[in-house]
Amino acid sequence: MVLGVLTLVNTVSQSGGTLLSAVLPLIKAEFGFSDSALGLLTGYGSAVSFALLTLPISHWAARYGNSLVLALSMLVCALTNMMTAGCHALWQLIAARFVSGAGPAAAWPLGQALVAEHFPPHRRSGAMAVYTAGDFVGSTLPLVLGGWLAVQYGWRTAFVVFGLLTLVAPVLQWWLVPNHPAVPVEQGAATDDEPLRWKDGLRELWRLPAYVHIMFGFSWASFAVYGLSQWMPSFYNRQFGLAPDEAAAFFGGAYASGAMLGLVLGGALGNRLGRGGNERLLPFCMLTYLLTFPCILGVLFAPNLKFAFAAHVAATVFGAMPNGPVLSMLHGSVPRRLRVLGSSIFLLVMTLLGAGGGPLLIGIGSDLLAPTLGPEALKYAMLCVKLLGVLLFVHLGIAWRNARRDAALTLGDGP
Numbered sequence: 009m010v011l012g013v014l015t016l017v018n019t020v021s022q023s024g025g026t027l028l029s030a031v032l033p034l035i036k037a038e039f040g041f042s043d044s045a046l047g048l049l050t051g052y053g054s055a056v057s058f059a060l061l062t063l064p065i066s067h068w069a070a071r072y073g074n075s076l077v078l079a080l081s082m083l084v085c086a087l088t089n090m091m092t093a094g095c096h097a098l099w100q101l102i103a104a105r106f107v108s109g110a111g112p113a114a115a116w117p118l119g120q121a122l123v124a125e126h127f128p129p130h131r132r133s134g135a136m137a138v139y140t141a142g143d144f145v146g147s148t149l150p151l152v153l154g155g156w157l158a159v160q161y162g163w164r165t166a167f168v169v170f171g172l173l174t175l176v177a178p179v180l181q182w183w184l185v186p187n188h189p190a191v192p193v194e195q196g197a198a199t200d201d202e203p204l205r206w207k208d209g210l211r212e213l214w215r216l217p218a219y220v221h222i223m224f225g226f227s228w229a230s231f232a233v234y235g236l237s238q239w240m241p242s243f244y245n246r247q248f249g250l251a252p253d254e255a256a257a258f259f260g261g262a263y264a265s266g267a268m269l270g271l272v273l274g275g276a277l278g279n280r281l282g283r284g285g286n287e288r289l290l291p292f293c294m295l296t297y298l299l300t301f302p303c304i305l306g307v308l309f310a311p312n313l314k315f316a317f318a319a320h321v322a323a324t325v326f327g328a329m330p331n332g333p334v335l336s337m338l339h340g341s342v343p344r345r346l347r348v349l350g351s352s353i354f355l356l357v358m359t360l361l362g363a364g365g366g367p368l369l370i371g372i373g374s375d376l377l378a379p380t381l382g383p384e385a386l387k388y389a390m391l392c393v394k395l396l397g398v399l400l401f402v403h404l405g406i407a408w409r410n411a412r413r414d415a416a417l418t419l420g421d422g423p
């Protein structure tokens, strides 16, 4: 029950950002924004919010309880998504995206911490895969339903509808997920459960090489994944001439079908490989991410829509497979008392580097290449950002080497 409710919360927390990407062609047509401005809106419009809110949220959760802080954050997210319908300028849209970022900024660290508390390490990959399914469902429903609503009734109506849907999640979550503060509100004697100061916690996390390299590795992957995801409906709109609702539904269909299969396979394989520790999970994650490269090339240079759809499904399958194992490794590499802070820092770095930088760089690249490449500019800007994802292999390679060394030392110390 707890896992299902938390997955629902994670699902609706993602809906605002994905809905924005689905209606980008309509916003561009109404306001005449450049691709650089749209990249700023879809990227750092939320990323700055994550950066400023994720650490305070982790602190408040340690004091008042994960469930309470998560429910309040989701309430703010829902109300702000509805208020987006009243925006009439770029700065207003950015401000709305900033405030609505309170939802995903809380759902990521607090939801993961709650899931980790309910599942032992050997079952955690599967549980995290289920929880991560909310990311993909929350990124698919706004594309399909939101794109249709935006074309039929206007993009503003779509934001109101999804804001109302988001209100359901915090009510259910507060009712069904118990709230147990890690530290009582009334200050008493210090205990071992009392949270570290941020400075001390950050210092301790920095001394964990597995955590650091897993974090930076998948932040570079996020740079490519999030950037391409935000621009993919616009790519289908420009490359194949699909209407905004058709482009969003087409991308959403490929995204959903591939993601669900990838999460199931990744969770099952992750549970099996997880018994061998990070030494076996890390090469699995590197292999699956490597396989996304030829698939994305197939999408960007597809001769027709059918080929693009097949390549996109394959890319999403391989891209979704490591999600559960990654979160399992992340939580397994830090002490229990640092899980919320560790998830918050992971979200902060991944957001600033990936979710913020990826869409913005694609937008800037598209504007710069447009004079020479014309309609093809967006495609090549997306390709350049995807290629930067190879930096994942540098960090995960280091983490794998350390994991193998630790495993060898453990065997050497055995009987």
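For the record, in the sequence shown the residue sitting at position 96 is 104 according to this note's numbering, with numbers rising by one throughout.
Yeah, the Cβ is synthetic: ideal placement off N, Cα and C, and Gly gets one too.
Residue i - DSSP class collapsed to helix/strand/coil
{"i": "residue 249", "result": "coil"}
{"i": "residue 105", "result": "helix"}
{"i": "residue 396", "result": "helix"}
{"i": "residue 120", "result": "helix"}
{"i": "residue 131", "result": "helix"}
{"i": "residue 195", "result": "In this prediction, residue 195 scores a pLDDT of 43, lower than 50, which makes its location untrustworthy; no coordinate-derived value is stated."}
{"i": "residue 294", "result": "helix"}
{"i": "residue 95", "result": "coil"}
{"i": "residue 337", "result": "helix"}
{"i": "residue 200", "result": "Unreliable placement is indicated for residue 200, whose pLDDT of 44 sits below 50; the coordinate value is still reported in the next sentence. Reduced to three states, the DSSP call for residue 200 is coil."}
{"i": "residue 310", "result": "coil"}
{"i": "residue 22", "result": "coil"}
{"i": "residue 31", "result": "coil"}
{"i": "residue 81", "result": "helix"}
{"i": "residue 58", "result": "helix"}
{"i": "residue 288", "result": "helix"}
{"i": "residue 215", "result": "coil"}
{"i": "residue 42", "result": "coil"}
{"i": "residue 329", "result": "coil"}
Residue burial classification, residue i (beta-carbon count within 10 angstroms, cutoff 16)
{"i": "residue 29", "result": "buried"}
{"i": "residue 238", "result": "buried"}
{"i": "residue 328", "result": "buried"}
{"i": "residue 488", "result": "This structure gives no information on residue 488, because the portion of the chain shown stretches from 9 to 423."}
{"i": "residue 394", "result": "buried"}
{"i": "residue 380", "result": "exposed"}
{"i": "residue 342", "result": "buried"}
{"i": "residue 150", "result": "buried"}
{"i": "residue 234", "result": "buried"}
{"i": "residue 126", "result": "exposed"}
{"i": "residue 9", "result": "exposed"}
Inter-residue CB distance, residue i and residue j (contact presumed, cutoff 8 Å)
{"i": "residue 119", "j": "residue 349", "result": "Wrong, their Cβ atoms sit about 15 Å apart, outside the cutoff."}
{"i": "residue 159", "j": "residue 252", "result": "6 Å"}
{"i": "residue 82", "j": "residue 177", "result": "6 Å"}
{"i": "residue 268", "j": "residue 144", "result": "7 Å"}
{"i": "residue 59", "j": "residue 399", "result": "Their Cβ separation, rounded to whole angstroms, is 20 Å, which puts residue 59 and residue 399 out of contact at 8 Å."}
{"i": "residue 397", "j": "residue 325", "result": "Residue 397 to residue 325, Cβ: 17 Å. No contact."}
{"i": "residue 323", "j": "residue 304", "result": "5 Å"}
Span separating the alpha-carbon of residue i from that of residue j
{"i": "residue 50", "j": "residue 104", "result": "11 Å"}
{"i": "residue 112", "j": "residue 18", "result": "7 Å"}
{"i": "residue 410", "j": "residue 117", "result": "25 Å"}
{"i": "residue 391", "j": "residue 308", "result": "8 Å"}
{"i": "residue 121", "j": "residue 312", "result": "43 Å"}
{"i": "residue 262", "j": "residue 207", "result": "43 Å"}
{"i": "residue 173", "j": "residue 86", "result": "8 Å"}
{"i": "residue 80", "j": "residue 302", "result": "42 Å"}
{"i": "residue 90", "j": "residue 156", "result": "17 Å"}
{"i": "residue 139", "j": "residue 23", "result": "15 Å"}
{"i": "residue 36", "j": "residue 218", "result": "42 Å"}
{"i": "residue 114", "j": "residue 334", "result": "19 Å"}
{"i": "residue 298", "j": "residue 106", "result": "33 Å"}
{"i": "residue 95", "j": "residue 214", "result": "41 Å"}
{"i": "residue 228", "j": "residue 358", "result": "7 Å"}
Beta-carbon proximity check, residue i vs residue j, cutoff 7 Å
{"i": "residue 389", "j": "residue 406", "result": "no"}
{"i": "residue 47", "j": "residue 367", "result": "yes"}
{"i": "residue 385", "j": "residue 275", "result": "no"}
{"i": "residue 265", "j": "residue 321", "result": "yes"}
{"i": "residue 288", "j": "residue 124", "result": "no"}
{"i": "residue 61", "j": "residue 110", "result": "yes"}
{"i": "residue 245", "j": "residue 255", "result": "yes"}
{"i": "residue 69", "j": "residue 164", "result": "no"}
{"i": "residue 15", "j": "residue 134", "result": "no"}
{"i": "residue 185", "j": "residue 75", "result": "yes"}
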